[in-house]
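Asker: Numbering (the numbering used here), first residue to last: 2 to 327. Note that CB positions come from ideal geometry on N, CA and C, so glycine has one too. Here it is: the structure, laid out below.
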Amino acid sequence: MPEADIVLPAALWEPLGLPLLRLLAGLAAGLLLASALESLNWARFLARPARPLARAAHLSESSCAAFALSFVSPAAANSLLANAHSGGLISGRELTLANLFNSLPAYMVHTPSIFLLAWPVLGSPAVVYVGLTLLAAAARTGVTVILAAMMLPPAKAPARSVSPPKPTPAGKACPRDALKRAGRRFARRLPKLVLITVPVYALMYALQRLGQFALLQEWLAVHMAWLGFLKSEAMGVIALHLAAEFGAALGAAGFALQSGSLTPRDIVLALMVGNILSTPVRALRHQLPAYAGFFRPPLALKLILANQALRAVSMAIVAILYYWYT
2 MPEADIVLPA
12 ALWEPLGLPL
22 LRLLAGLAAG
32 LLLASALESL
42 NWARFLARPA
52 RPLARAAHLS
62 ESSCAAFALS
72 FVSPAAANSL
82 LANAHSGGLI
92 SGRELTLANL
102 FNSLPAYMVH
112 TPSIFLLAWP
122 VLGSPAVVYV
132 GLTLLAAAAR
142 TGVTVILAAM
152 MLPPAKAPAR
162 SVSPPKPTPA
172 GKACPRDALK
182 RAGRRFARRL
192 PKLVLITVPV
202 YALMYALQRL
212 GQFALLQEWL
222 AVHMAWLGFL
232 KSEAMGVIAL
242 HLAAEFGAAL
252 GAAGFALQSG
262 SLTPRDIVLA
272 LMVGNILSTP
282 VRALRHQLPA
292 YAGFFRPPLA
302 LKLILANQAL
312 RAVSMAIVAI
322 LYYWYT
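Below you can see the structure in the form of structure tokens.
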């Protein structure tokens, strides 16, 4: 066999091993945080700021806590929801709605990095773009409140968010014992997370190397004739958004802006459209491996489809309103 056909393990470290390790580290940190919050029974304190909004949506204490936790760690919030669902504290319908309810805080976790990446390249259009995507995230949470209020019965009060820790003989919970329980829970759940996440991520990597994502991107590019309202120069920004990461699209957008071929308005619209069209690729490559670590694969796929569908619709509406009113 020719030497070029041999794939050495070392050659897989940078494209596969290192990103997978980072993903597992993030998921494990979220799982550990959620386990600690459960054992210490602190989720009820996290739930307090979100209670008025969640009460209007008929969501339980578990969903309230996950919403507040999403401002810190979306992975930990998903772990908390998964544990509540598997423990019978929330129904499958509430799980789906609670996951959508977390749209705003989950996006706000990434907002600083997106803004700091876009601002040096684009300047003021970065403010508009990030503001519009943040508005779309807020709209998703708002719509979820309305849907949940219609689809869920009023939450029972008082509601349990997590199983309370066993009291000490003195009648008070011991933090040391609670943290030991958190460690045992973490050790029990971590193997399942790894055993599911690793093969799913490896499958996504294999599909990428086999060109399946490239075929999907080409199909989307061919069927973009309806984007005639955009300048032809914007198609390069959209294509790079589909074919690569956000940074590549930013580079093309920055060049077009500096050369004067695209106005700030054109740049914002191109980035919004690219964001919407890249939804299927982003869901498969990034969200599926992360969600599969906490939820059964069919349930993970259902949550991703609901999440990404609402995301695409909200982004499209915001983009259309921006196009009409600017």
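Can you check whether the CB of Gly255 is closer than 7 Å to the CB of Val122?
Answerer: It is a contact, given that the beta carbons lie within the stated cut-off.
Asker: Taking C-beta to C-beta, are Ala138 and Ser114 nearer than 7 Å?
Answerer: For Ala138 and Ser114, no; Cβs fall outside 7 Å.
Asker: Taking DSSP as the reference, what is the three-state secondary structure of Pro126?
Answerer: Residue state, collapsed to three classes: helix.
Asker: Which of helix, strand or coil does DSSP assign to His59?
Answerer: Note: His59 maps to coil in three-state DSSP.
Asker: Look up Arg297 in the DSSP assignment and say whether it is helix, strand or coil.
Answerer: Three-state result, Arg297: coil.
Asker: How big is the Cα-Cα spacing for Val274 and Ala257?
Answerer: Roughly 16 Å between the two C-alpha positions.
Asker: Relative to the C-alpha of Phe296, which residue among Gly27, Leu82 and Leu25 is closest?
Answerer: Phe296 has its Cα closest to that of Leu82, out of Gly27, Leu82 and Leu25.
Asker: Of the residues Val314, Glu15 and His59, which one's Cα is nearest the Cα of Ala140?
Answerer: Of the candidates Val314, Glu15 and His59, the one whose C-alpha sits nearest the C-alpha of Ala140 is Val314.
Asker: Does DSSP put Tyr324 in a helix, in a strand, or in coil?
Answerer: Correct three-state label for Tyr324: helix.
Asker: Hey, quick one: how far does the alpha helix (DSSP H) through Leu81 stretch, first residue to last?
Answerer: That run of the alpha helix (DSSP H) goes Pro75 to Ser87.
Asker: With burial defined as no fewer than 16 other Cβ atoms inside 10 Å of the residue's Cβ, what is the status of Ser64: buried or exposed?
Answerer: The residue in question, Ser64, is buried, as its Cβ has 16 or more Cβ neighbours within 10 Å.
Asker: Ala301 and Tyr292: beta carbons closer than 7 Å?
Answerer: Yes, the pair counts as a contact, with Cβ atoms nearer than the cut-off.
Asker: Taking Leu98 and Thr142 to be in contact with their CB atoms under 8 Å, please state how far apart those CB atoms are, rounded to whole angstroms.
Answerer: The Cβ separation is near 11 Å, so there is no contact.
Asker: Am I right that Ala127 and Phe116 are in contact with their C-beta atoms under 8 Å? What's the rounded C-beta distance?
Answerer: Indeed they touch by this definition, with Cβ atoms about 6 Å apart.
Asker: Could you tell me if Gly93 is buried or exposed, where buried requires 16 or more neighbouring beta carbons within 10 angstroms of its beta carbon?
Answerer: Gly93 comes out exposed.
Asker: Just to confirm before moving on: does the CB-CB distance between His242 and Pro155 stay below 7 Å?
Answerer: No.
Asker: I'd like the ranges of any beta strand (DSSP E) spanning at least 3 consecutive residues and lying wholly in the stretch 243-277.
Answerer: Whole beta strand (DSSP E) segments, 3+ residues: zero.
Asker: If you draw a straight line from the alpha carbon of Leu21 to that of Gly27, how long is it in whole angstroms?
Answerer: So the alpha carbons of these two residues sit roughly 10 Å apart.
Asker: Assign Met316 to buried or exposed, taking buried as 16 or more other Cβ atoms, counted over all protein chains shown, within 10 Å of its Cβ.
Answerer: Counting Cβ neighbours within 10 Å, Met316 comes out buried, since at least 16 surround it.
Asker: Could you say which of Lys303, Ala307, Ile91 and Leu270 lies nearest to Trp325 if we only look at CA atoms?
Answerer: Ranking Lys303, Ala307, Ile91 and Leu270 by Cα distance to Trp325 puts Leu270 first.
Asker: Apply the 10 Å Cβ neighbour rule to Ile239 and answer buried if 16 or more other Cβ atoms are within range, or exposed otherwise.
Answerer: Buried: at least 16 other Cβ atoms inside 10 Å.
Asker: Sort Ala69, Gly132, Leu34 and Val199 by Cα distance to Leu17 and report the nearest one.
Answerer: Of Ala69, Gly132, Leu34 and Val199, the residue nearest in Cα terms is Val199.
Asker: What is the DSSP secondary structure of Glu234, counted as helix, strand or coil?
Answerer: Three-state result, Glu234: coil.
Asker: Please confirm whether Thr280 and Gln259 have their CB atoms less than 7 Å apart.
Answerer: Taking 7 Å as the Cβ cut-off, Thr280 and Gln259 do not qualify as a contacting pair.
Asker: Below 8 Å on the Cβ atoms is my guess for Asp267 versus Ala307; work out the distance and round it to an integer in Å.
Answerer: Between Ala307 and Asp267 the Cβ distance is about 32 Å, and since that is not below 8 Å, they are no contact.
Asker: Among residues of its own chain, excluding the 5 on either side of Val131, which ones have a beta-carbon nearer than 8 Å to its beta-carbon?
Answerer: Once the five neighbours on either side are set aside, the close Cβ partners of Val131 are Thr112, Ile115, Phe116 and Ala119.
Asker: Could you please give the first and the last residue of the uninterrupted alpha helix (DSSP H) stretch that includes Gly18?
Answerer: Per DSSP, Gly18 belongs to no alpha helix (DSSP H) and is neither H nor E.
Asker: Output the distance between the C-alpha atoms of Ser80 and Gly252, rounded to the nearest integer angstrom.
Answerer: The straight-line gap from Cα to Cα measures roughly 36 Å.
Asker: Report the option in Gly124, Ile147 and Val129 whose CA atom is closest to the CA atom of Leu101.
Answerer: Closest by alpha carbon: Ile147.
Asker: For Pro281, report the span of its alpha helix (DSSP H) as first-last.
Answerer: Thr280 to Arg283 is the extent of the alpha helix (DSSP H) around Pro281.
Asker: Secondary structure at Ile115, three-state DSSP: helix, strand or coil?
Answerer: Ile115 falls in the helix class under three-state DSSP.
Asker: Assuming Leu136 and Val319 are in contact, meaning their beta carbons sit under 8 Å apart, how far apart are those beta carbons, in whole angstroms?
Answerer: Indeed, because the Cβ distance is near 6 Å, the residues count as touching under 8 Å.
Asker: For Ser125, collect the residues of the same chain with a Cβ closer than 8 Å to its Cβ; drop the 5 residues on either side in sequence, then sort them by chain order.
Answerer: Result list for Ser125: Pro265, in chain order.
Asker: Under three-state DSSP, which class holds Phe72?
Answerer: Phe72 falls in the coil class under three-state DSSP.
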